[in-house]
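Residue numbering for the sequence shown follows the numbering used here, starting at 235 and increasing by one per position. Quick reminder that beta carbons are idealized off the backbone N, C-alpha and C, glycines included. On a predicted model such as this, the values are computed, not experimentally measured, just so you know.
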Amino acid sequence: MAHRAILHVDMDAFYASVEQRDDPRLVGQPLIVGGTSGRGVVAAASYEVRRYGVRSAMPMRRALELCPHAVCVKPRMARYKEVSRQVFDVFHEFTPLVQGLSLDEAFLDVTASQRLKGDAVSIAREIKRRIHERTGCTASVGVAPNKLVAKIASDLDKPDGLTIVTPERIHAVLDPLPVKRLPGLGRKKGEQVAAAGIATLGELRRAPDSRLWPLFGRDGARMRERAAGIDERPVEADWEEKSISAEETFREDIADPAAMKAELARLADKASGRLRGKQLVAACVTVKIRRHDFTTSTRQRRMAPATHDSRTIARLAQGLLEAWLAEHPGARLRLLGVGVSEFAPAEQLDLFDAAQPVEATRLDAALDAIRGKFGGTALQRASSLRKDGATAERLSEFGDDRPPRRS
Ligand SMILES: [Mg+2]
């Protein structure tokens, strides 16, 4: 079978580029887009201000210490969404298989498009050209046989980059990269891996089980595959997905209802973060409960109005669990999961607009931004932390909820 042709397209400093395009006075300036109130975070940073160490998701106060003469503008989400639509329209001119990751980032499967629209590299060039022509902004594109390598590739030559990784060159390109470049690894885990003496993806790919086990447990084999650029996940076109869920198998069965509820809060947080990332709301929440003997139950309820609010989803999920526990007193749980389904598009919310008194939504947005930057476990709500600190050890951001059971 022929190799797949996957593109990862990522706009360069998206919000900042839109601002610079709309106001020529901002061109060449160290520009920060973000709420300027004391608790604001950097939503986007122009390349000029990144030289000072300013990064998105950084507290605004810290950013202004690094670059006191930076020009700050308030985000205009409605405007970014408008430009985002133009960008996604370009994607859909080449393939219906577009999986948006955020307003400015998507995977495209162009395998079947090549017959009519030229090879993947020509398609990538033409996408970049049309985006620039219509929006005035630049994009960086990675072209590869799978999503993982395409995502790594798009980041290798920013801004305005086009990086092609053919199947034969995957090892040559990935091997020298620092392990922190591996998507989904998370900053903390990346530091642990580096501290364990595995500095590059090539070293990770060749590491023996004995070195991977303490770091990844059962995920070791999969991490080795990822470091080798192996990834079979399909591009899931937007709207194809019918539900979003997050689940966790525990290292040790849990019998304490408070710990169970903390887990549910954390899982609800994760599921709702993905909902918000897709700009969707959900009308149904499901809790999955697996006992120590593997018997599994699900409980479901509707949510009206549909929501993507973490705390609402967590509260309803906890209610479902409480009802189940009342029927199963003393249950010991091996796994918990939270799922949301029955999607509808979220209304347009100015997430970073300080004028909006939607405190919970703003907090969610800030958490999402920081997680996007540092990986899933970088920040958690206090309500989702367990007293035993177990969350710190989780490998759940790799999507495999089967951590090792130490005997
Ligand atoms: Mg981007």
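With the rule of 3 Cβ pairs closer than 8 Å, the segment 436-446 does not count as touching the segment 348-357. For D487, the CB contacts under 7 Å within the same chain, skipping 5 residues up- and downstream, are H526, R566, L567 and R568 in chain order.
Per DSSP, the beta-bridge partners of K522 are T532 and G571.
Ligand 1 has a heavy atom closer than 7 Å to the beta-carbon of F248. Scanning the segment 242-279 from its first residue to its last, the whole beta strand (DSSP E) runs of 3-plus residues come out as 265-268 and 276-279. The straight-line gap separating the alpha-carbon atoms of T546 and A578 is approximately 17 Å. The C-alpha of V572 is placed about 6 Å away from the C-alpha of T520. Around the CB of H542, 16 or more other CB atoms lie within 10 Å, so the residue is classed as buried. By alpha-carbon distance to L382, the top candidate from I432, E367 and R456 is R456. For D338, the closest of M245, A378 and A406 by C-alpha to C-alpha distance is M245. Our two residues, S347 and K315, have alpha carbons roughly 26 Å apart in a direct line. A278 is the residue among A278, K351 and F322 whose C-alpha sits nearest the C-alpha of A250. Under the three-state reduction of DSSP output, A384 falls in the helix class. With contact defined as three or more Cβ pairs closer than 8 Å, the segment 401-418 and the segment 459-472 are in contact. Annotation for M245 indicates a beta carbon within 7 Å of some heavy atom of ligand 1. Your pair I386 and P417 checks out as a contact, with CB atoms roughly 7 Å apart and the cut at 8 Å.
Taking a C-beta distance under 8 Å as the contact criterion, L554 and R533 qualify as a contact pair. Judged by their CB atoms, Q254 and S280 are nearer to each other than the 8 Å cut-off.
Rounded to whole angstroms, R535 and W447 show a C-alpha spacing of 39 Å.
A distance below 8 Å separates the beta carbons of V324 and R364.
Between the C-alpha atoms of V276 and E466 there is a straight-line separation of about 34 Å. Taking a C-beta distance under 8 Å as the contact criterion, D503 and S477 do not qualify as a contact pair. Straight-line spacing of the CA atoms in A496 and G424 works out to 26 Å.
Nearest neighbour of G287 by Cα position, chosen from L498, P302 and R273, turns out to be P302. DSSP places L335 in the strand class (E or B) of the three-state scheme.
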